[in-house]
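First up is the structure itself, then whatever we jot down about it.
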């Protein structure tokens, strides 16, 4: 199997992502076992919370981001029939990202940094030794630096080669015009039938990637800013000139933090996913995407919405102006409409292509739509002032909404991309039977785990609280069954991958 | 039955419908006969399809109805926050510091069926303030942001004893921030 540099680059990212998914899975199982009352002798609350802190970084940045980066580094140039703007930057960025996730993980494993991903001010600078906060800060700055390098590469790949057609600014303007259906408006105002740009029409997949990159770039800047702030506080503390924590207002900090952090949910979790669906489904069923012009409008609408939904994270903060909380609620419901239209377009594309053969990739996509519907509905139900009174910070939020959306939704979409792209990259298809088993075990396991956590949340179980008297043992036992099913699905995938491509080929990717 | 349990039943019903739909969708689309493709499968529709318009209408209607319900006085917390015209009969001031609750009295005695006001302050970190029933289910909670007055008005509709617990993580000491049976709500 001869692999070119682009193929190796993509596989390297994807395999690193798969590695971090395994680490996140082990962390999850350890935390679940602790919540069931096991391993308490050697797994202290300090260690439990240190693992809980790094778990989302490993899961989101290690797994989801690295896998998505690998997929897009391969697919965007293929779709645009161009070279990647800089393979060198992509290769350096790989190691920066991998080491960044590793250092962040070590801040928990070695230094017991446990301010959680929420980093609510002033917890990280008041409760932890500056060394541990500094290690965390360095790790996360590396992660965001790598992400920004990825976006630079994506934007440059999309824009720059068309300089001859009028410069990058012109291409950017045309892309925005086409991306958001403004060409229809231009045609109407000019009184012509159709507006034809001088560059070329960007496929909706590229529009989705571009759109997701806007949100996730903003996210990376905000989160890198928070990491930098923690770094500055740690360094000044180490040199003996402590900056007072009261310099930062906790409520303003929380608003900025959630504004930036929520953009990852829109950019990475929703829009990158939608972009992959828009690309893969027509390819897999052999038909044009249904309602493409509506899809482009949806992408614009979601960009606007995504900038104003952060208040649904602040519904339990009573000093927050009430009008902002209601605004957060209303805009969040807007995502029901945009995501609903996205799913509709994908399902209608399949419907008009029937009868279709459900390859592992197509099955994974349809199940991921179900995962998003389940997780998204739970999110909509909780994202209002009334329900937030008893759902906020419970297992409902992180179980039914968070984990089902991330595992049954986003992760299955990534697996779909792997199953579809692997034969294109390597010329060899993964074993179908094993692939079906892997997908079904992973999906069903994710749903069982998420539902068990959510039902525990309805019964009062908090998401960030360690219980010592087996209060929610039954729910956690069921969740553990789901987690083990996911682990079985994951191991089946690994076995399939190694069986198909062999250790030697996999190792050669990293040379 | 508490409101969150009603939501749970509604949600389970909803995802059952989703699951049945997707399983049926997979079955039908993998077995049904191909339609005559008048456009050869390549037609790009420039405007909105009729089916899209209908679906958009459904989504919009669900969003409007959902918001009307969640913003209405049917929701107890909305009623106490927006629609209540009665002043609180008692104010309970609680301070949180160094991972402990400082209570004005123990137990805190509250009337049944009357609005009471909780004002909670933090002197150091961000905490949470949650009130739980004997069976562990949550009555309400809010965040406790340092440097701000964190205020909520509630009407207890069941007599009994209640537990308070910090609902927000504030370091590894967080899970110990619980005081059992410190609120007593009297009978009629």
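Chains as they are written, first to last, in our numbering: chain A, 1 to 511; chain B, 1001 to 1188. Cβ atoms here follow ideal geometry from the backbone N, Cα and C, with glycine treated the same way. Bear in mind that the values here come from a model prediction, so they are computed numbers and not experimental data.
- Contacts of residue 1175(B) in chain A (Cβ-Cβ under 8 Å): The sequence position of residue 1175(B) within the second chain is 175, counting from 1. Residues of chain A passing the Cβ test: 45, 465, 466, 467, 468.
- Query: From residue 460(A) to residue 1163(B), what distance separates their C-alpha atoms?
  - Reply: Along the first chain, one-based indexing puts residue 460(A) at 460. Along the second chain, one-based indexing puts residue 1163(B) at 163. Near 12 Å, if we compare the C-alpha coordinates of residue 1163(B) and residue 460(A).
- Message: Can you tell me which residues form a DSSP beta bridge with residue 1132(B)?
- Response: Walking along the second chain from the start, residue 1132(B) turns up at place 132. DSSP output for residue 1132(B) lists 1138(B), 1163(B) as bridge partner(s).
- Query: Using 8 Å as the threshold, is the segment 34–52 of chain A in touch with the segment 76–84 of chain A, meaning 3 or more CB pairs across them?
  - Reply: no
- Message: Suppose contacts are defined by Cβ-Cβ distances below 8 Å. Is residue 346(A) in contact with residue 380(A) by that definition?
- Response: Here residue 346(A) is taken as the residue at index 346 of the first chain, counted from 1. Here residue 380(A) is taken as the residue at index 380 of the first chain, counted from 1. Taking 8 Å as the Cβ cut-off, residue 346(A) and residue 380(A) do not qualify as a contacting pair.
- Query: Fully enclosed by the segment 239–327 of chain A, which alpha helix (DSSP H) runs are 4 residues long or longer?
  - Reply: 250–264, 273–285, 292–306
- Task: Alpha carbon to alpha carbon, how far is residue 1052(B) from residue 190(A)? Give it in angstroms, no decimals.
- Result: If you number the first chain from 1, residue 190(A) lands on position 190. If you number the second chain from 1, residue 1052(B) lands on position 52. Using only the alpha carbons, I get a separation of about 27 Å.
- Exposure of residue 394(A), with buried meaning 16 or more beta-carbon neighbours within 10 Å: Stepping through the first chain from its first residue, residue 394(A) is reached at position 394. Its Cβ being crowded by 16 or more others within 10 Å, residue 394(A) is buried.
- Item | Secondary structure, alpha helix (DSSP H): runs of 4+ residues fully inside the segment 343–424 of chain A | 360–382, 385–391
- Task: Compute the distance between the beta-carbons of residue 286(A) and residue 353(A), then report whether it is under 8 Å.
- Result: As a first step, residue 286(A) is located in the first chain; it is residue number 286 there, counting from the start. As a first step, residue 353(A) is located in the first chain; it is residue number 353 there, counting from the start. Taking 8 Å as the Cβ cut-off, residue 286(A) and residue 353(A) qualify as a contacting pair.
- Residue of 1003(B), 1099(B), 1068(B), 1005(B) minimising C-alpha distance to residue 1144(B): Taking the first residue of the second chain as 1, we reach residue 1144(B) at position 144. Measuring from the Cα of residue 1144(B), the nearest candidate turns out to be 1099(B).
- Item | Three-way DSSP call (helix, strand, coil) for residue 1040(B) in this model | Against the second chain, residue 1040(B) aligns to sequence position 40. Because residue 1040(B) carries a pLDDT of 49, less than 50, the predicted location of this residue cannot be relied on, and no value is offered for it.
- Roughly how many angstroms separate the alpha carbons of residue 1153(B) and residue 100(A), rounded to a whole number? Counted from its first residue, the second chain places residue 1153(B) at position 153. Counted from its first residue, the first chain places residue 100(A) at position 100. Computed Cα separation, rounded: 45 Å.
- Hey, could you find the ends of the alpha helix (DSSP H) residue 1067(B) is sitting in? Within the second chain, residue 1067(B) is the residue found at index 67, counting from 1. Element bounds for residue 1067(B): 1050–1070.
- Determine whether the Cβ of residue 1095(B) lies closer than 8 Å to any Cβ atom of chain A. On the second chain, residue 1095(B) is found 95 positions in, with the first residue counted as 1. Residue 1095(B) does not count as touching chain A.
- Item | residue 1119(B) versus residue 1090(B) - alpha carbon distance | Taking the second chain and counting its residues from 1, one reaches residue 1119(B) at position 119. Taking the second chain and counting its residues from 1, one reaches residue 1090(B) at position 90. Those two C-alpha atoms are separated by around 11 Å.
- Message: Please tell me whether residue 53(A) and residue 1175(B) are closer than 8 Å, where the distance is taken between their beta carbons.
- Response: Position 53 of the first chain, counted from the first residue, corresponds to residue 53(A). Position 175 of the second chain, counted from the first residue, corresponds to residue 1175(B). No, these two residues do not count as a Cβ contact at 8 Å.
- Query: What does a CB cutoff of less than 6 Å around residue 1102(B) pick up in its chain, not counting 5 residues either side in sequence?
  - Reply: Looking up residue 1102(B) in the second chain gives position 102. Cβ neighbours of residue 1102(B) beyond the five flanking positions: 1095.
- Message: For residue 312(A), which residues in the same chain have their Cβ closer than 6 Å to its Cβ, ignoring the five residues on either side in sequence?
- Response: As a first step, residue 312(A) must be located in the first chain, where it is residue number 312. Result list for residue 312(A): 328, 332, 383, in chain order.
- Task: Please confirm if residue 1155(B) has its CB atom under 8 Å from at least one CB of chain A.
- Result: Counting from 1 along the second chain, the entry for residue 1155(B) is found at position 155. No, residue 1155(B) does not count as interfacial toward chain A.
- Message: Buried or exposed, going by whether 16 or more other CB atoms sit within 10 Å of the CB of residue 211(A)?
- Response: Locating residue 211(A) in the first chain gives position 211, counting from the first residue. Its Cβ being crowded by 16 or more others within 10 Å, residue 211(A) is buried.
- Query: Any C-beta of chain B sitting closer than 8 Å to the C-beta of residue 410(A)?
  - Reply: Against the first chain, residue 410(A) aligns to sequence position 410. No, its Cβ sits nowhere closer than 8 Å to a Cβ of chain B.
- Item | Closer than 8 Å to chain A by CB, residue 1045(B) | Position 45 of the second chain, counting from 1, holds the residue named residue 1045(B). Per-residue confidence for residue 1045(B) stands at a pLDDT of 48, beneath the threshold of 50, marking its modelled position as unreliable; the derived number appears in the next sentence. Chain A, which has a Cβ nearer than 8 Å to the Cβ of residue 1045(B), makes this yes.
- Message: So that I know if they touch, is there some Cβ in chain B lying closer than 8 Å to that of residue 256(A)?
- Response: Translated into positions along the first chain, residue 256(A) becomes position 256. Taking Cβ atoms only, chain B never reaches closer than 8 Å to residue 256(A), which makes this a no.
- Query: Nearest CA to the CA of residue 291(A): which residue from 152(A), 341(A), 85(A)?
  - Reply: On the first chain, position 291 is the one that residue 291(A) refers to. Comparing Cα-Cα distances from residue 291(A) to each of 152(A), 341(A), 85(A), the minimum goes to 341(A).
- Message: By DSSP's criteria, residue 1154(B) is part of a beta bridge. Which residues make up the other side?
- Response: The residue labelled residue 1154(B) in the question sits at position 154 within the second chain. Bridge partners of residue 1154(B): 1116(B).
- Query: By Cβ distance below 7 Å, which residues in the same chain neighbour residue 20(A) in space, the five residues on each side in sequence not counted?
  - Reply: The sequence position of residue 20(A) within the first chain is 20, counting from 1. Result list for residue 20(A): 58, 62, 63, 66, 101, in chain order.
- What span of residues does the alpha helix (DSSP H) with residue 550(A) cover, start to end? This structure cannot speak to residue 550(A), because chain A is shown only from 1 to 511.
- Backbone secondary structure at residue 1045(B) - three-state DSSP: In the second chain, counting from the first residue as 1, residue 1045(B) sits at position 45. Note that residue 1045(B) has pLDDT 48, beneath the 50 cutoff, so the model's placement of it is unreliable and the number below is only indicative. The answer is coil: DSSP assigns residue 1045(B) none of H, G, I, E or B.
- Message: My assumption, with CB atoms under 8 Å, is that residue 355(A) sits in contact with residue 1030(B). Please give the rounded CB distance.
- Response: The count along the first chain starts at 1 and reaches residue 355(A) at position 355. The count along the second chain starts at 1 and reaches residue 1030(B) at position 30. Indeed they touch by this definition, with Cβ atoms about 6 Å apart.
- Query: Residues of chain B with a CB under 8 Å from the CB of residue 114(A): which are they?
  - Reply: Along the first chain, one-based indexing puts residue 114(A) at 114. Near residue 114(A) (Cβ distances below 8 Å), the residues of chain B are 1171, 1172.
- Message: Using 8 Å for Cβ pairs, my map puts residue 1168(B) next to residue 1121(B). What's the rounded Cβ distance?
- Response: Here residue 1168(B) refers to the residue found at position 168 when the second chain is read from its first residue. Here residue 1121(B) refers to the residue found at position 121 when the second chain is read from its first residue. So it is not a contact: roughly 14 Å between Cβ atoms.
- Query: Does the Cβ of residue 1113(B) have 16 or more other Cβ atoms within 10 Å, making it buried, or fewer, making it exposed?
  - Reply: As a position in the second chain, residue 1113(B) is number 113, starting the count at 1. Exposed is the call here.
- Query: How many Å lie between residue 104(A) and residue 117(A) at the Cα?
  - Reply: Looking up residue 104(A) in the first chain gives position 104. Looking up residue 117(A) in the first chain gives position 117. About 11 Å.
- Task: Excluding the 5 residues preceding and the 5 following residue 458(A) in the sequence, name in chain order all residues of the same chain whose CB lies nearer than 7 Å to its CB.
- Result: Within the first chain, residue 458(A) is the residue found at index 458, counting from 1. Taken in chain order, the residues that qualify are 396.
- Query: Taking the Cβ atom as the reference point for each residue, do residue 158(A) and residue 206(A) lie within a distance shorter than 8 Å?
  - Reply: Taking the first residue of the first chain as position 1, residue 158(A) is located at position 158. Taking the first residue of the first chain as position 1, residue 206(A) is located at position 206. Yes, these two residues count as a Cβ contact at 8 Å.
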